[in-house]
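Just so you know, we're using the working numbering here: the sequence shown kicks off at 15 and counts up by one. Backbone N, C-alpha and C define an ideal beta-carbon position, used for all residues, glycine too. Presented below is the structure to which this report refers.
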Amino acid sequence: MSTTAEEQAKLVETSKRLAAYQAVKDHLLPEYTRIGIGSGSTVVYVVEAIAALGPAATSKMAFYPTGSQSEELIEAAGLTLQYISKLPAGQQLDVAFDGADEVDDDMNLIKGGGACLWQEKIVAASAKQFVCVADFRKLSPRLGTAWKKGIPIEVLPMAAPRVLDELQRMGSQNPRIRPGLPGKAGAIVTDNGLWIIDAPFAPLLLPKDTETDRGTDGAWTVDALADGLIKIPGVAEIGLFYGKNGLQVASGAQKPVAAYFGMADGSVEVKTPSS
Ligand code: 5RP
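Next up, the structure:
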């Protein structure tokens, strides 16, 4: 049975909402006081689910945004806004919730479709547990399979031409500075005053696919590509969330401890590092 574009859009919204409510139910414990809130359209439902718990549950909690959109979401929901810059040294967030553009079999993520990747990575890595919330379209065996727009990379504007050259040298097919249109002429400008380059690469490999950094067809492993991209002069941050999760290291983890996917059949699939 074919679905219309309108029905498909409704299905996606319903699945985001289901995943968000389930993730909040499972990972927002009543004793938590510091919660990271990511960016994007799925996180809207995370905030909705948290606000629905009511002030009795949330009044002792402070919410840490990943940019101007999530800052507005937190305030509009009547939740207490706090900033990661005010998190005392040696302290962590209890949990952070955020969306993703693609999630692979090993729970590596592509993020940055909404241009908030730098602050998102700081907040995720500041949390004891990072929980990813998404719809069924984001579930993918390998990064770059479903998300074809490329890996979002936040760059210093004056370095953008050099970064584009280097990305092409590394095998990116047609990397581009993200345009601001229709909202803004010229390049999109992030909350940090920087630009985004979207760099498509062939689907990224996992360690189980190859014993080297590159497969026989020249495709990169996630870790090798990420390590290379972050070293390019002018790159501020990359939209690959990789390495360890919060169960493997005490702090600084980029990968989620759980990823919730609202499925097309109305169920919620929960992916954990072992599953
Ligand atoms: C923004 C992000 C978002 O989490 C990602 O783009 C997913 O967004 P959405 O929930 O709207 O699909 O990384 O920088």
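Problem set entry | Whole-angstrom distance between Asp-115 and Pro-155, CA atom to CA atom | Residue mapping note: residue 155 aligns to position 141 of the sequence shown, counting from 1. Residue mapping note: residue 115 aligns to position 101 of the sequence shown, counting from 1. Those two C-alpha atoms are separated by around 13 Å.
Exercise. Taking the alpha-carbon positions, what's the Lys-198 to Arg-48 distance?
Worked result: Working through the sequence shown from its first residue, we reach residue 198 at position 184. Working through the sequence shown from its first residue, we reach residue 48 at position 34. Approximately 34 Å, taken between the alpha carbons.
For this session: For the alpha helix (DSSP H) containing Glu-283, list its first residue and its last residue.
Result: Here residue 283 corresponds to residue number 269 of the sequence shown, with the count starting at 1. Unbroken run through Glu-283 is the beta strand (DSSP E), 282-285; no alpha helix (DSSP H).
Exercise. Any heavy atom of the ligand 5RP closer than 7 Å to the Cβ of Lys-125?
Worked result: Walking along the sequence shown from the start, residue 125 turns up at place 111. Taking 7 Å as the cut-off, the C-beta of Lys-125 counts as close to a heavy atom of the ligand 5RP.
Problem set entry | Distance between Met-121 and Val-137 (C-alpha atoms, nearest Å) | The residue labelled residue 137 in the question sits at position 123 within the sequence shown. The residue labelled residue 121 in the question sits at position 107 within the sequence shown. In this structure, the CA atom of Val-137 is about 18 Å from the CA atom of Met-121.
Problem set entry | Residue ranges of each alpha helix (DSSP H) within the segment 222-257, 4 or longer | Listed in chain order, they are 236-243.
Exercise. Per DSSP, Leu-219 is paired with what?
Worked result: Position 205 of the sequence shown, counted from the first residue, corresponds to residue 219. For Leu-219, which the question treats as bridged, DSSP gives the partners Thr-235.
Exercise. Beta carbon of Glu-168: closer than 7 Å to some heavy atom of the ligand 5RP?
Worked result: For this step, residue 168 is matched to residue 154 along the sequence shown. Every heavy atom of the ligand 5RP is 7 Å or more from the Cβ of Glu-168, so no.
Problem set entry | Contact set for Pro-44: own chain, Cβ-Cβ below 8 Å, skip 5 residues either direction | Within the sequence shown, residue 44 is the residue found at index 30, counting from 1. Here Pro-44 has Ala-71 as same chain residues with Cβ atoms under 8 Å from its own Cβ, once five neighbours each way along the sequence are excluded.
For this session: Rank Leu-243, Gly-164, Val-236 by C-alpha distance to the C-alpha of Arg-192 and give the top, closest one.
Result: What you label residue 192 is simply residue 178 of the sequence shown in a count that begins at 1. For the options Leu-243, Gly-164, Val-236, the alpha carbon positioned closest to that of Arg-192 is the one of Gly-164.
For this session: Compute the minimum distance between the beta carbon of Ser-53 and the heavy atoms of the ligand GTP, and state whether it is under 7 Å.
Result: Judged by which ligands are present, the ligand GTP is missing from the structure shown, whose ligands are the ligand 5RP.
Exercise. What is the DSSP secondary structure of Glu-45, reduced to helix, strand or coil?
Worked result: For the purposes of this step, residue 45 is identified with residue 31 of the sequence shown, where counting begins at 1. Coil.
Problem set entry | Check whether Ala-141 and Gly-260 have beta carbons under 8 Å apart | Within the sequence shown, numbered from 1, the residue matching residue 141 stands at position 127. Within the sequence shown, numbered from 1, the residue matching residue 260 stands at position 246. Cβ atoms of Ala-141 and Gly-260: closer than 8 Å.
Exercise. How close, in whole Å, do the beta carbons of Tyr-274 and Val-147 come, if the pair is a contact with beta carbons under 8 Å?
Worked result: Position 260 of the sequence shown, counting from 1, holds the residue named residue 274. Position 133 of the sequence shown, counting from 1, holds the residue named residue 147. Between the beta-carbon of Tyr-274 and that of Val-147 there is about 5 Å, and that keeps the pair under the 8 Å contact cut.
For this session: Compare the beta carbon distance of Gly-158 and Pro-217 with 8 Å and say whether it is the shorter of the two.
Result: Position 144 of the sequence shown holds residue 158. Position 203 of the sequence shown holds residue 217. For the pair Gly-158 and Pro-217, the CB atoms are nearer than the 8 Å cut-off.
Exercise. Measuring CA to CA, which of Glu-85, Lys-39, Ser-281, Gly-276 is closest to Thr-56?
Worked result: Translated into the one-based positions of the sequence shown, residue 56 becomes position 42. Cα-wise, what sits closest to Thr-56 is Gly-276.
Exercise. Pick from Pro-166, Pro-171, Pro-214, Thr-204: whose alpha carbon is nearest that of Asn-188?
Worked result: Within the sequence shown, residue 188 is the residue found at index 174, counting from 1. Selected option, being the one with the closest Cα: Pro-214.
Exercise. Near Thr-224, what residues of its chain come up, given a Cβ to Cβ distance below 7 Å and the 5 sequence neighbours on each side ignored?
Worked result: As a first step, residue 224 must be located in the sequence shown, where it is residue number 210. Taken in chain order, the residues that qualify are Thr-235.
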